[in-house]
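Asker:
4 protein chains.
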Amino acid sequence: MIERYSRPEMRAIWSEENKLRLWLQIELLTTEALVRAGIVPAADYRRIRAGCQACLKDLPGLLRRQRELEQTLQHDVIAFTTAVAERINHRASRWLHYGLTSSDVVDTAFALQLVQSADLLLADLDALLPVIARRAREHKSTPCIGRSHGIHAEPITFGFKLAGMYDEFRRARRRLESARYSVAVGKLSGAVGTSAHLHPRIETYVCRKLGLRPVPVATQVVPRDLHAEFQTVLALIGASIERWAVEFRHLQRTEVLETEEPFGKGQKGSSAMPHKRNPITWERLTGLARILRANAMAALENVALWHERDISHSSVERVIFPDSCTLLDYMLHLLRRLMDGLQVYPENMRRNLGLSLGMYHSQTVLLALIRKGLTREEAYALVQRNAMKTWEVRHAGRDDADFLQTLKADPEVARHFEPGELERLCSLEFHFRHLPYRFKALKL
Amino acid sequence: MIERYSRPEMRAIWSEENKLRLWLQIELLTTEALVRAGIVPAADYRRIRAGCQACLKDLPGLLRRQRELEQTLQHDVIAFTTAVAERINHRASRWLHYGLTSSDVVDTAFALQLVQSADLLLADLDALLPVIARRAREHKSTPCIGRSHGIHAEPITFGFKLAGMYDEFRRARRRLESARYSVAVGKLSGAVGTSAHLHPRIETYVCRKLGLRPVPVATQVVPRDLHAEFQTVLALIGASIERWAVEFRHLQRTEVLETEEPFGKGQKGSSAMPHKRNPITWERLTGLARILRANAMAALENVALWHERDISHSSVERVIFPDSCTLLDYMLHLLRRLMDGLQVYPENMRRNLGLSLGMYHSQTVLLALIRKGLTREEAYALVQRNAMKTWEVRHAGRDDADFLQTLKADPEVARHFEPGELERLCSLEFHFRHLPYRFKALKL
Amino acid sequence: MIERYSRPEMRAIWSEENKLRLWLQIELLTTEALVRAGIVPAADYRRIRAGCQACLKDLPGLLRRQRELEQTLQHDVIAFTTAVAERINHRASRWLHYGLTSSDVVDTAFALQLVQSADLLLADLDALLPVIARRAREHKSTPCIGRSHGIHAEPITFGFKLAGMYDEFRRARRRLESARYSVAVGKLSGAVGTSAHLHPRIETYVCRKLGLRPVPVATQVVPRDLHAEFQTVLALIGASIERWAVEFRHLQRTEVLETEEPFGKGQKGSSAMPHKRNPITWERLTGLARILRANAMAALENVALWHERDISHSSVERVIFPDSCTLLDYMLHLLRRLMDGLQVYPENMRRNLGLSLGMYHSQTVLLALIRKGLTREEAYALVQRNAMKTWEVRHAGRDDADFLQTLKADPEVARHFEPGELERLCSLEFHFRHLPYRFKALKL
Amino acid sequence: MIERYSRPEMRAIWSEENKLRLWLQIELLTTEALVRAGIVPAADYRRIRAGCQACLKDLPGLLRRQRELEQTLQHDVIAFTTAVAERINHRASRWLHYGLTSSDVVDTAFALQLVQSADLLLADLDALLPVIARRAREHKSTPCIGRSHGIHAEPITFGFKLAGMYDEFRRARRRLESARYSVAVGKLSGAVGTSAHLHPRIETYVCRKLGLRPVPVATQVVPRDLHAEFQTVLALIGASIERWAVEFRHLQRTEVLETEEPFGKGQKGSSAMPHKRNPITWERLTGLARILRANAMAALENVALWHERDISHSSVERVIFPDSCTLLDYMLHLLRRLMDGLQVYPENMRRNLGLSLGMYHSQTVLLALIRKGLTREEAYALVQRNAMKTWEVRHAGRDDADFLQTLKADPEVARHFEPGELERLCSLEFHFRHLPYRFKALKL
């Protein structure tokens, strides 16, 4: 976990304390199921429960003792059960971990951490979506230029741009829900998945109590394609965040300046240049998406474990899952904050729109000419020559031309239109008339 | 597309001819919708349809002409519409591509190629799953050793191993279905997604006819997180194939030899060593999974396009989508063939089981001793010392020992058991008694 | 290989014909060495040489026959030697492939293809570097704004920017030379690298004749860390190309427009918007860099082959090496063309410089004030308040202010300077005075 | 940094304290150079030096104060200089950071951390290589089977296998040296690399004192292709470690058991199965290599910064560089320990060799028959039929056959050989006769 780029709630999920808490819960629920199965005497169970509860009240102490024991034992789960058994301090402790293999506990607890993480990330998205929606509605009718290849294309509204962002994070939410479902699986089927020592009913009982499904077939571990799927979803959401971070970095460029990320009181942009207000948070989001992507690769390499498991995935997972979950939580949190406080400059959007001198109406005129009976080539030639004429003015750095005026001055164009017709066509309203349809479809 | 590792049916989907066929279909359907909208005269439509049909009958000719034109125009879609217009050879051709932007055609056709690919891959999985199921049932009761860390753990059956494979490819199928759904989206909303020139109803009409949904909000293109999602699913399925390829490579090792991939008549294993039968097809599958994984990374990097689109994704997609789809189709096909003809050697499985001299019963005895009232530590110590004694014999390369006999010779162990009790516990049947539960759950 | 993004010369290196040509060369040289070692009779050698030469004259015929034979044999090298032996058509052919294992031929030929590719790529770089140098010199004194975070920082010259590009591709060249050296290794040490059947002298003889070094220790194959190193260098060069492609895409944005990629006569920018001139070639370069990066990952996964080799790397390499080499050759070629014809707009650079109203002199003034005796905090406060005042004017979209004038109007600033002093400091010349030092260091 | 998988020395290099130490050193050296340039008065310098030395003596205190200030300032370098200035507590502090931009300090310090890391990693390799060399010499003549595709091929010695490992880590060393050289560059050229505020001589002075070269042309930062190069080298070394980790995991398989990783006193292999000795350290190394590989991808994506820099690389680098350096240091350390204590079982190697019943002599006999005048096909047929006959015995799980005996019993083979001749050929010595040549070339 990267302290600098994480928040306490997600860090807590991936803390050693939380892991031990979940391990205790799984061990205790298993013993509970064994009582119901008539294997463990109720009195022994009560002693175990008391010991576990004492441990739960002093997780830092349990952790300390476990680590001490791990030095010699070189096995974290045995160190854990030994430490708990010491606390039980009675022969009843022999039922602790009865019939279980380490991975039964480790992988089931891991699933719970993933589910907890997914729930937190879903909550992040649930906090983010209304903020995007609000900004989209707010700027539903704020005109700005749409750009392809970084070049002015046709007008859109800034709210329409954000509607696309809204839709993208709805997809992110759906993916995360689906990934949450995939990893919500536990296993108590033992060293090679055969349930040789604990009846599958025990597994079902414990998993249900934990809100998990039992894996239909496990090996010693839960199959790793499930965890890889989870990581690819985190990487996909990261890529979506990256897309919008790049967008807003572009919009904050000095020459564009259509939006700015919120700039704190007292914040310094540069040690050398006091006038700078840089999109550093958007840049940070861009960078962190790379880490999520890279971690997904490592997760995909973790799938092909040998036979009924090898442990090569374990060191990888200890790094990438806490890292990716905390990073994405942090990123979604930043994203919400940035979108909430995003400074939007409609007047600059209008100024930038103006840069194209109306050339973005070219297709409108092209299609109108086609409707008038011209072939596409004829229409294209007419429009292009006027666009190029306008372009040369623009290119010379002047702004004393206008596509509409140029068109009207071209008799071969003008003769096709009635007075006022070209003006009606070459309007922003023309471009925006179907946007309500999109907002409605998104319930924005 | 990699000719060597592809099959004709998937190659056809990604052929230039198929692409042009889909482009024609989209252009024609759009014109059809424009007739219904009262924009295009029916007579013009009929001429366009005739021209398109002529093109469809001579796709190679169309392709040739398009490529010629592309030399000068440097734009594949304009070259295409120009070539089709030449074939229509009438002013009616002005309605061709009316109100569309190139990406409307390109991205909608791309979605159709992805859907066609997904359908073929789903068919591959539907052919694969029953083969795995059959082999799993066939070896439901064939004992073999389960291994963790490459080391003998506890016994399983070979059919149980395959049940896990079956479940993994059911998950693969579910993922592919979900990815197919995600990419089944078209767009005809123009240069920046505003539907400025064509009413959204036209988009809906065309998409429905093609079996697609319209994208709720597009830019110039369909958002690339959808395509990245598709690629990550291909990579995930690749990783699952890799897992099983690695498994069967292990099982074919000289020292293990529990299975062999089918070996063709006349096939030569080595130019130098005539005795060799190598798992080369499994190895090929292992390698190809790496390419799918790498391509997923490139797809994830494609998401963050600038503003309403840049075209950096295009060159990447021209490579990775045909490559990944053809590779996965080829891989699934090979996998089915390998599983169908997999040579299984139950006698070698038994021999390998024997190598552990019964030590895989250690946990069974450990738990029995706990049930007898020993603490875990006491039981562990007793079991370990007998396991170690057996191990030393084994380690010395001898096989004249047996864990069960060793245990029985240890009075501290023996005194806890009645005659015959240890024998009943230390049996393969004990390990397999809950397997039917798993097979039933999978409906195998 | 991706036909669309490749050039004939590099395609030829990776053609099946070239591979067979190299195989023939290696087989023949080995036989030659065996004659010198007294194993093969000279007369037999002459027959083999004649057969090989006949094959060399009809490589397509050899390829056809090899493929036919491969259908049954399922082994490409055996199919090859069989086809060549048929051409020799005499008992002398028994010496063909004598003592060799397939990988001796395959891997040594692969090394030669890599060396040929590296040489072509080095030639590409040698053609590129002087073009960058020329443009750098041409614009040595063309002022433009330097940007950090996409925000105006301090002035640079466009030639200085290109000097950085020049230096980066010098580094690329050094990396490629080093990678060429690394892969220039052959092996003829047989099935497991022991040279059991051919004396190491034979290996040395053949390798030297081919311009290769023998691998100090091989397994059946040349160790794959060498090939992975080569691919990472291709990916690194791709990343450098990407950096500059992104740079020039930025500079072509409508709002910036400091450069444009050359736009061909007759080229159409958009099927819908005739006024567009898009940086599509730069975008293509951006995308292709992703593929090189992804392929490097696959190459890194190829390193961990099992024991004395498994063949999982082979399918991967058949895809990624031809693809990456042809792509990089194509990219370097495009890059040279783009740099050669890059349209540079110094007047727009000046206009953009003007946008910051001189605020880029803030650090100059800050340091001057420090030299005058102010503390950094005092100086910073003075500079910042004037920068902010200027900024507000700028931010309001006006350009009727100027940092220098604002400073001079601030008595707390002005009192520190003599008349004319601030003007001298706040000049572009001040910023550029040390640039000749950098150009000289690069011998530009 | 991942505490669990790191060692104190490397953690110290990447600690916040060390970073601040290096920042102090760079700031102080710059002031020193400014004294020599006649800009900073000597008295002021002495005060600054005293302040810096006080800070150096209380780095934790400096760090605390910096973090406090960073809360408001949102800029780590300004927070740092402010904290140091507080300690200087005199107007002399105005010369602190004079003419520098944050990245001058940050990137130059980063270079020093990379150089320190490289030196530690080189020391790790220098400790590793002699251990591998010792084990290689020790087992120079210990026969074992060479395997391709996991299938027995021809005999090698275990020392020869290790000779290959030795050579691979020599290559690793060379790569690391080269990467160390690449990143040993500093820059003090200011906000956009022009050296507008500090003469390049200052940069040269400071860099030399620090053991660095000045970057020929920088932007605000050192170009990131250099850092990406460094990371790809770490990933390459990781891939080499992975190769050998996979090798030794294979050799520890129950069925193979030719080596075992050292097993600590008191260590427990399994919570459930007391007899297990698992290659968990090798598996951990396998997993960690995946992280290095993934981090290299992220580093490659960091290259394409915008214009004269954006800061998206920074968050990535804060994670991947400390992580990768500490991981690789930890991995090399483990690798040395494992190689040092590796348990080698020559008797099992012999037993496994025996499994092939001498079939690994097939090529020897094939070539001998060719020398006797048979064609390759004739020889191949003879050898194959005897190999297949032997194989069937082997395959039936019996070991009462032998390739040599089978050959001698085949009159068509036997008639070509004199008595004793086949025995001489079919010997391990025959396979090993050229190994000394390889050991000598490696100076082993």
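Chains as they are written, first to last, in the UniProt record's numbering: chain L, 1 to 444; chain R, 1 to 444; chain X, 1 to 444; chain Z, 1 to 444. Beta carbons: idealized from backbone N, C-alpha and C, even for Gly.
1. DSSP three-state call for Pro155(R): helix, strand or coil?
2. Need the endpoints of the alpha helix (DSSP H) that Cys325(Z) sits in, please.
3. Spatial neighbours of Thr81(X) within its chain, please: CB distance less than 7 Å, with the 5 preceding and 5 following residues excluded, ordered by chain position.
4. Might you give, ordered along the chain, the residues of its own chain that have their beta carbon closer than 7 Å to the beta carbon of Leu251(Z), omitting 5 neighbours on each side?
5. Considering only residues of the stretch 2-55 of chain L, which uninterrupted beta strand (DSSP E) runs meet the minimum length of 3 residues and lie entirely inside it, listed in chain order?
6. Could you pull the start and end residues of the alpha helix (DSSP H) that Gly61(X) belongs to?
7. According to DSSP, simplified to helix, strand and coil, what is Val413(R)?
8. Between Asp107(Z) and Lys187(Z), how many whole angstroms is the CB-CB distance? I'm expecting something under 8 Å.
9. Using a Cβ-Cβ distance under 9 Å, would Leu288(L) count as near chain Z?
10. By Cβ distance, which residues of its chain are closer than 7 Å to Trp23(Z), with the 5 residues on each side in sequence left out?
11. What is the residue span of the alpha helix (DSSP H) that Gly238(Z) lies within?
12. Helix, strand or coil for Ser356(Z), going by three-state DSSP, please let me know.
13. Nearest chain Z C-beta to Arg208(X) closer than 9 Å, yes or no?
14. Here's a check: name, in chain order, each residue in its chain whose Cβ is nearer than 7 Å to the Cβ of Val413(L), leaving out the five neighbours to either side.
15. Go through its chain and collect everything with a Cβ distance to Tyr205(X)'s Cβ below 6 Å, but skip five positions before and after it.
16. Just reading off the beta strand (DSSP E) that Arg147(R) is part of, what are its end residues?
17. If Thr375(Z) and Arg94(X) are in contact, beta carbons under 8 Å, what's the gap, nearest whole angstrom?
18. Quick one: Cα of Glu177(R) to Cα of Leu285(L), how far?
19. Under 9 Å between beta-carbons, which chain Z residues line up against Pro279(R)? List them in chain order, please.
20. Can you confirm whether the stretch 324-331 of chain L touches the stretch 282-298 of chain L when touching is taken to mean that 3 or more C-beta pairs between the two stretches lie within less than 8 Å?
21. Apart from the five residues on each side of it in sequence, which residues of its chain come closer than 8 Å, Cβ to Cβ, to Pro200(R)?
22. Of the choices Arg171(X), Phe158(X), Val131(X) and Ala218(X), whose alpha-carbon is the least far from that of Arg147(Z)?
23. Suppose the cutoff is 6 Å on Cβ atoms and the five residues either side in sequence are ignored; what does the same chain contact list for Arg65(L) look like?
24. For my contact list, His149(X) and Asn278(L) are in at a C-beta cut-off of 8 Å; report their separation, rounded to the angstrom.
25. Can you tell me which of the three DSSP states Glu260(L) falls into?
26. Smallest Cα separation from Leu28(X): which of Ala92(X), Pro411(X), Arg4(X) and Val246(X)?
27. Starting from the Cα of residue 452(X), find the closest Cα among Arg253(X), Pro223(X), Ala12(X) and Leu112(X) and give me that residue.
28. Spell out the partners DSSP gives Pro214(X) in its beta bridges.
29. Can you have a look at Gly61(X) and say buried or exposed, based on whether 16 or more other CB atoms are within 10 angstroms of its CB?
30. Can you give me the start and stop residues for the alpha helix (DSSP H) that Gln220(R) sits inside?
31. Any C-beta of chain R sitting closer than 9 Å to the C-beta of Val316(X)?
32. Under 9 Å, Cβ to Cβ, is there at least one residue of chain X near Arg284(L)?
33. Which whole-angstrom value describes the C-beta separation of Leu20(R) and Leu69(R), a residue pair presumed to lie in contact below a C-beta threshold of 8 Å?
34. Let me confirm a value: Lys276(R) is counted as buried when at least 16 other C-beta atoms fall within 10 Å, else exposed. Which label applies?
35. Let me know the secondary structure DSSP gives Val84(L) once reduced to three states.
36. For Lys161(L), count the other beta carbons within 10 Å of its own beta carbon; 16 or more makes it buried, fewer makes it exposed. Which is it?
Answerer: Reading it off the structure:
1. The residue you call residue 155(R) lines up with position 155 of the second sequence. Note: Pro155(R) maps to strand in three-state DSSP.
2. As a first step, residue 325(Z) is located in the fourth sequence; it is residue number 325 there, counting from the start. Here the alpha helix (DSSP H) through Cys325(Z) covers Ser312 to Gly341.
3. The sequence position of residue 81(X) within the third sequence is 81, counting from 1. If we look at Thr81(X) and ignore the five residues flanking it on each side, its Cβ neighbours are Leu96 and His97.
4. Walking along the fourth sequence from the start, residue 251(Z) turns up at place 251. Only Glu258 and Thr259 meet the Cβ criterion.
5. none
6. For the purposes of this step, residue 61(X) is taken as the residue at position 61 of the third sequence. Where Gly61(X) is concerned, the enclosing alpha helix (DSSP H) stretches over Leu59 to Leu73.
7. Counting from 1 along the second sequence, the entry for residue 413(R) is found at position 413. If DSSP states are grouped into helix, strand and coil, Val413(R) belongs with the helices.
8. Within the fourth sequence, numbered from 1, the residue matching residue 107(Z) stands at position 107. Within the fourth sequence, numbered from 1, the residue matching residue 187(Z) stands at position 187. That belief holds up - the Cβ atoms of Asp107(Z) and Lys187(Z) are roughly 6 Å apart, short of 8 Å.
9. For the purposes of this step, residue 288(L) is identified with residue 288 of the first sequence, where counting begins at 1. Leu288(L) counts as touching chain Z.
10. Looking up residue 23(Z) in the fourth sequence gives position 23. Excluding positions up to five away in sequence, the list reads Phe80, Val105 and Ala109.
11. In the fourth sequence, the residue the question calls residue 238(Z) occupies position 238. Asp225 to Gln252 is the span of the alpha helix (DSSP H), which, as asked, contains Gly238(Z).
12. Taking the fourth sequence and counting its residues from 1, the one referred to as residue 356(Z) is at position 356. Reduced to three states, the DSSP call for Ser356(Z) is coil.
13. For the purposes of this step, residue 208(X) is taken as the residue at position 208 of the third sequence. No, Arg208(X) lies away from the interface with chain Z (no Cβ there is under 9 Å from its Cβ).
14. Sequence index remark: in the first sequence, residue 413(L) carries index 413 (1-based). Excluding sequence neighbours, Val413(L) sits near Leu382, Asn386 and Leu407.
15. Mapped onto the third sequence, residue 205(X) falls at position 205. Only Ala33 meet the Cβ criterion.
16. Taking the second sequence and counting its residues from 1, the one referred to as residue 147(R) is at position 147. Residues Pro143 to Ser148.
17. Along the fourth sequence, one-based indexing puts residue 375(Z) at 375. Along the third sequence, one-based indexing puts residue 94(X) at 94. Yes, they are in contact, since the Cβ atoms of Thr375(Z) and Arg94(X) sit about 5 Å apart, within 8 Å.
18. Within the second sequence, residue 177(R) is the residue found at index 177, counting from 1. Within the first sequence, residue 285(L) is the residue found at index 285, counting from 1. Going from the Cα of Glu177(R) to the Cα of Leu285(L) covers about 31 Å.
19. Mapped onto the second sequence, residue 279(R) falls at position 279. Per Cβ cutoff of 9 Å: His149, Gly150 and Ile151.
20. yes
21. As a working note, residue 200(R) is residue 200 in the second sequence. These residues qualify, in order along the chain: Ser189 and Pro214.
22. In the fourth sequence, counting from the first residue as 1, residue 147(Z) sits at position 147. It is Ala218(X).
23. Taking the first residue of the first sequence as 1, we reach residue 65(L) at position 65. For Arg65(L), where only same-chain residues beyond five positions count, the Cβ hits under 6 Å are Ala83.
24. By 1-based counting over the third sequence, the position of residue 149(X) is 149. By 1-based counting over the first sequence, the position of residue 278(L) is 278. Indeed, because the Cβ distance is near 4 Å, the residues count as touching under 8 Å.
25. Reading the first sequence from its first residue, position 260 is the one you call residue 260(L). Note: Glu260(L) maps to strand in three-state DSSP.
26. As a position in the third sequence, residue 28(X) is number 28, starting the count at 1. The shortest Cα separation from Leu28(X) among Ala92(X), Pro411(X), Arg4(X) and Val246(X) belongs to Ala92(X).
27. It is not possible to answer for residue 452(X), since the shown part of chain X is limited to 1 through 444.
28. Walking along the third sequence from the start, residue 214(X) turns up at place 214. Note: Pro214(X) sits in a beta bridge opposite Gly186(X).
29. On the third sequence, residue 61(X) is found 61 positions in, with the first residue counted as 1. Its Cβ having fewer than 16 others within 10 Å, Gly61(X) is exposed.
30. Position 220 of the second sequence, counting from 1, holds the residue named residue 220(R). Segment: none, Gln220(R) is in no alpha helix (DSSP H) and carries neither H nor E.
31. Within the third sequence, the letter at position 316 stands for residue 316(X). Output row for Val316(X): interface = yes.
32. Taking the first residue of the first sequence as 1, we reach residue 284(L) at position 284. Output row for Arg284(L): interface = no.
33. Locating residue 20(R) in the second sequence gives position 20, where the first residue counts as 1. Locating residue 69(R) in the second sequence gives position 69, where the first residue counts as 1. No, Leu20(R) and Leu69(R) are not in contact; Cβ-Cβ is about 13 Å, not under 8 Å.
34. Against the second sequence, residue 276(R) aligns to sequence position 276. Its Cβ being crowded by 16 or more others within 10 Å, Lys276(R) is buried.
35. By 1-based counting over the first sequence, the position of residue 84(L) is 84. Note: Val84(L) maps to helix in three-state DSSP.
36. For the purposes of this step, residue 161(L) is taken as the residue at position 161 of the first sequence. By the 10 Å Cβ count, Lys161(L) comes out buried.
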